[in-house]
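Here's the structure, in structure tokens; my notes come after.
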Amino acid sequence: MSTKTLITGATSGIGIHTAAMLAKAGHEVTGLVRDTDKGRQLQKEGELPEGMDFIECDLADLKSVRKCAEDVREKFDQIDVLINNAGGIFTKQDETADGIEMTFAVNHLGHFALTLSIMDKLIACGARIINVSSEAHKSGNLDFDQLTKPEKYGSWKAYGDGKLCNIYFTKELVRRYVEKGITSYSLHPGVVRTNFFNPIKGFLGFLIKLFGFFMISPASGAQTSVYLATEEGLEDHSGGYFKKSKPAKTSKVAQDREAAEKLWDYSEKILEEKGYKTGF
């Protein structure tokens with residue numbers, strides 16, 4: 306039986322290469338993406354494998370996330386690997402249709418809602434849940450009074466907070482579901498040469514373009530995700546953070562268990578306030 310793998314953000318950047326590599330390794334890959342037509346076009350162009358399927362999922366829209374979860378549940382009895390790969394950095398403060406700060410929603414809350422909504426399918430075979438974080442988490446430090454509606458917005462600060470959330474989420478998944486057989490890992494893909502940083506303007510944008518020569522390719526950026534999805538015997542590192550396919554150190558802030566627990570409870574509260582139910 307093939308390994309059933311779901312990956313968000315499978316139609317851009319490292320997501321394309323992660324999906325293609327895993328399909329080549331024998332996984333049955335389904336992309337959870339905003340634009341399914343784009344996925345099919347990438348298949349025609351040979352960027353994504355022909356046998357790959359797509360399910361619509363806009364992480365900035367909780368109704369879309371809920372519908373995606375319904376579609377996943379209808380299609381699969383169990384899921385072996387979930388890769389929460391999608392993410393974004395937004396130069397200007399914006400809100401989702403649900404009234405949630407965009408960076409927090411796309412990088413964390415959408416994935417949180419999706420994962421919990423299909424948790425029984427993940428538990429069914431003791432799945433791996435992989436959260437693509439970043440070294441940018443080291444600039445993060447959560448202010449729970451400002452996460453969903455910040456009074457003062459900074460794109461890099463918001464992104465760093467989002468990537469810190471990925472690590473907290475990973476650790477809490479293990480703490481809460483280890484007895485159900487779930488393992489989870491977060492990772493830094495590397496500084497990848499993609500369109501991801503295009504929205505960044507000004508001096509920081511200039512520096513990113515200047516040092517673009519030193520960035521790694523999207524294919525190289527996908528390597529750690531692929532490693533965590535395929536390598537055997539990683540259970541002792543569950544809850545850990547990886548870089549270049551090896552365990553790596555996080556910031557001291559990322560090791561704050563109370564903050565991780567608080568983020569989980571906070572996220573559940575936001576979903577409840579927005580009328581989103583993870584149960585089926």
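End of the sequence shown sits at 585 in the numbering used here; the numbers just go up one at a time, nothing left out.
Backbone N, C-alpha and C define an ideal beta-carbon position, used for all residues, glycine too.
Task: Spatial distance of G517 from D382 (CA atoms) - done: In the sequence shown, residue 517 corresponds to position 212, counting from 1. In the sequence shown, residue 382 corresponds to position 77, counting from 1. Its pLDDT being 46, under 50, G517 is placed unreliably in this model, and the value from its coordinates should be taken loosely. Going from the Cα of G517 to the Cα of D382 covers about 43 Å.
Task: Which residues DSSP lists as bridging I487, in chain order - done: Start at 1 with the first residue of the sequence shown, and residue 487 comes out as number 182. DSSP lists no partner for I487.
Open item on the list: Using the three-state DSSP reduction, which class does H635 fall into: helix, strand or coil?
Closed with: No answer is possible for residue 635: it lies beyond the span of the chain, which begins at 306 and ends at 585.
Task: Rounded straight-line distance, which links the Cα of I360 to that of T341 - done: For the purposes of this step, residue 341 is identified with residue 36 of the sequence shown, where counting begins at 1. For the purposes of this step, residue 360 is identified with residue 55 of the sequence shown, where counting begins at 1. One C-alpha to the other measures close to 7 Å.
Open item on the list: To the nearest angstrom, how far is the alpha carbon of G467 from that of M306?
Closed with: In the sequence shown, the residue the question calls residue 467 occupies position 162. In the sequence shown, the residue the question calls residue 306 occupies position 1. Spanning the two alpha carbons is a distance of roughly 35 Å.
- [ ] Under 7 Å Cβ to Cβ from E432, same chain only, skipping five residues before and after it: list those, please.
- [x] In the sequence shown, residue 432 corresponds to position 127, counting from 1. Checking the sequence shown, residue 432 turns out to be Ala, not Glu. Sequence-distant Cβ neighbours of A432 in its own chain, meaning closer than 7 Å and more than five residues away, are I384, D385, V386, L387, I487.
Task: Sequence ranges, beta strand (DSSP E) only - wholly within the segment 395-461, length at least 3 - done: 433-437
Task: Which residues DSSP lists as bridging D358, in chain order - done: Counted from its first residue, the sequence shown places residue 358 at position 53. Note: D358 sits in a beta bridge opposite T335.
Open item on the list: Under DSSP, the alpha helix (DSSP H) around T323 begins and ends at which residues?
Closed with: Locating residue 323 in the sequence shown gives position 18, counting from the first residue. Its alpha helix (DSSP H) spans residues 318-329.
Open item on the list: Is it buried or exposed, Q528, if we count other Cβ atoms within 10 angstroms and call 16 or more buried?
Closed with: Along the sequence shown, one-based indexing puts residue 528 at 223. Per the 10 Å Cβ criterion, buried.
Task: Of the listed residues K329, E456, L539, nearest to I435 (C-alpha basis) - done: As a position in the sequence shown, residue 435 is number 130, starting the count at 1. Selected option, being the one with the closest Cα: L539.
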